[in-house]
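Numbering (the numbering used here), first residue to last: 1229 to 1635.
From the three backbone atoms N, C-alpha and C, an ideal C-beta is built for every residue, glycine too.
Take a look at the structure:
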C-alpha cells in the first residue's frame, strides 16, 4: 500500500510540474541580431571521419542549392589523410581539414580545431552551417535558412526528415527528433522562446564564433550544451520548418542504445551544470524567463511520471510474490496494457503528423505502431547504461552507401 501511495504521489508531482510549465511559458523577448548582410559569406563545417560511403550525396545536395555556396567555403573534417573521404572532398574541390589533437573524442572538439585553424588564418564568415556527413539537403534548405538570418536570429535549425524510412526501427528512432522539433520547438515559437538543437542542420551567426575564438561546446551532446548556453545568455534561436534536410537513423538496437545512452549521459551532465546558473539568471529579470523556466525544469516531470509508474509495477509484483492471485495478475497485466496502449496512441498521433511530410508504407506504419512503445520503454535500459558505463564517446555508426538504397 505504501509503494502504491508513493507511486500516486510521484505521478501527481509530475502533473504539477506540467501545469506549472504550462502557465510558466511566458512570452520571451529575445534580442535579435542587427549585424545582418544582404549576401552573407557562408562557411559549412562537416565532421566526417570515415564517412566516404555517404558524404558525396551531402556534397552534391550542397552544390545544387538554390542559394550557391562556393566550394572553397566548405570544410570537411577528417582524422587522417588516408581517409577515403579526402578523395571525395578533392573531387568536389572542397577543403579537407585533418585533425591533430585526436585525444578530444567528441564532435565539439573536431569543430573546435576547425574554427581555431581558420582563426589563425584570419578567415571569418558571417554564418557557419554545421552538418553531419550522412545528411542530405533539400534544394531550398540554405535559401529558407537565410530567411531566419535576415530576420535577425543568431541560431536556427531546419526540419529533420527521415532518410532511411523503409523499416520500422529507424523510423521509430527518427520520431525522437520529430518530437523535439515539431512538438517542443514549434511550441517554443509561439512564445518566442529558445529552442533545443538536435545535432545537425543548423547555423550559428559569425558574431559568436568570432567572439568565442573557438567552438566551446565539447560534451557528449554539444548540441544540447549549446542550447543551454543560448538560453542562459538570452541569445535568439529559431526553428525554420520550411528548411528540410534528411538524416539517417540507427538500424540496430545496439547502435541505438549506444547513441541514446550517450545522449542521456550528455544531457544529465550539461543540465546539472547549467541548472543552477539558469536558476540564478531567473532572479535577474532576464528577457527569456519562459525558456529559462522550461530548461531548468528539464525532464523532471518525465522522471517523476516514470518512477511513479515503476512503483505501481513494483507494487503489483510485490503482491504477486506474496500471494499469487487472479486479481493481482489481472491488475499487473491491465496496468502494462494501459501504458502500452497510451504509448501506441501517442505513436499514432506522431505518425499521422509525420506521414503528412513523409511517405511511409503501411507495413512500416504498422511496425512502428507496435514497436515504438517498446522503443520508448527501452530508454530505461539506456538510462542504466548511461549511469554505469564510463567510456561512452563519439561512436561511429555504420551507414548505407546511399539514399537510393533506402528508398
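Anticipated Cβ contact below 8 Å, residue 1366 with residue 1482, distance rounded: The Cβ separation is near 31 Å, so there is no contact.
message: Rounded to the nearest angstrom, what separates residue 1250 and residue 1613 at their Cα positions?
response: 32 Å
task: Give every residue of the same chain whose Cβ lies closer than 7 Å to the Cβ of residue 1378, excluding the five residues on either side of it in the sequence, and list them in chain order.
output: 1264
Classification of residue 1577 by the beta-carbon crowding that lies within 10 angstroms, buried from 16 upward: exposed
query: For the candidate residues 1450, 1432, 1443, whose alpha-carbon lies nearest to that of residue 1386?
result: 1432
task: Could you please give me the residues that DSSP links to residue 1518 through a beta bridge?
output: None, per the DSSP bridge assignment.
- prompt: If we ignore side chains and look at the alpha-carbon of each, how far apart do residue 1636 and residue 1314 end up?
  reply: The chain is shown only over 1229 to 1635; residue 1636 falls outside these bounds and no answer can be derived.
field: Every unbroken beta strand (DSSP E) within the region 1266-1332, with a cutoff of 3 residues, ordered by chain
entry: 1270-1275, 1302-1306, 1323-1326
- prompt: Do residue 1374 and residue 1295 have their C-beta atoms closer together than 8 Å?
  reply: yes
- request: Return yes when the Cβ of residue 1610 is within less than 8 Å of the Cβ of residue 1642, no when it is not.
  value: Residue 1642 is absent from the model: the chain starts at 1229 and stops at 1635.
message: Can you list, in chain order, the residues of its chain with a C-beta nearer than 6 Å to that of residue 1423? Leave out the 5 residues immediately preceding and following it.
response: 1413, 1416, 1465, 1467
- request: Compare the C-alpha of residue 1436 against each of 1338, 1291, 1381 and name the closest.
  value: 1381
query: Run through DSSP, which three-state label would residue 1337 get?
result: helix
- prompt: If you compare alpha carbons, which of 1268, 1391, 1277, 1474 is closest to residue 1324?
  reply: 1277
- request: Would you check if the region 1532-1542 and the region 1242-1261 touch, i.e. whether three or more CB-CB distances between them fall below 8 Å?
  value: yes
query: Which same chain residues, not among the five before or five after residue 1462, have their C-beta less than 7 Å away from its C-beta?
result: 1258, 1259, 1514, 1515, 1516
query: For residue 1418, which of 1536, 1519, 1508 has the nearest alpha-carbon?
result: 1519
message: Need the endpoints of the alpha helix (DSSP H) that residue 1501 sits in, please.
response: 1481-1510
task: Please classify residue 1381: does DSSP put it in a helix, a strand, or coil?
output: coil
field: Identity of the residue in 1301, 1308, 1318 nearest residue 1343 by Cα
entry: 1301
- request: In the DSSP assignment, find the unbroken alpha helix (DSSP H) run with residue 1602 in it and report its ends.
  value: 1590-1605
- request: Leaving out five residues on either side along the sequence, give the residues of the same chain with a beta carbon under 6 Å from the beta carbon of residue 1398.
  value: 1392, 1477, 1479
Reference residue 1348; option with closest CA among 1438, 1607, 1237, 1575: 1438
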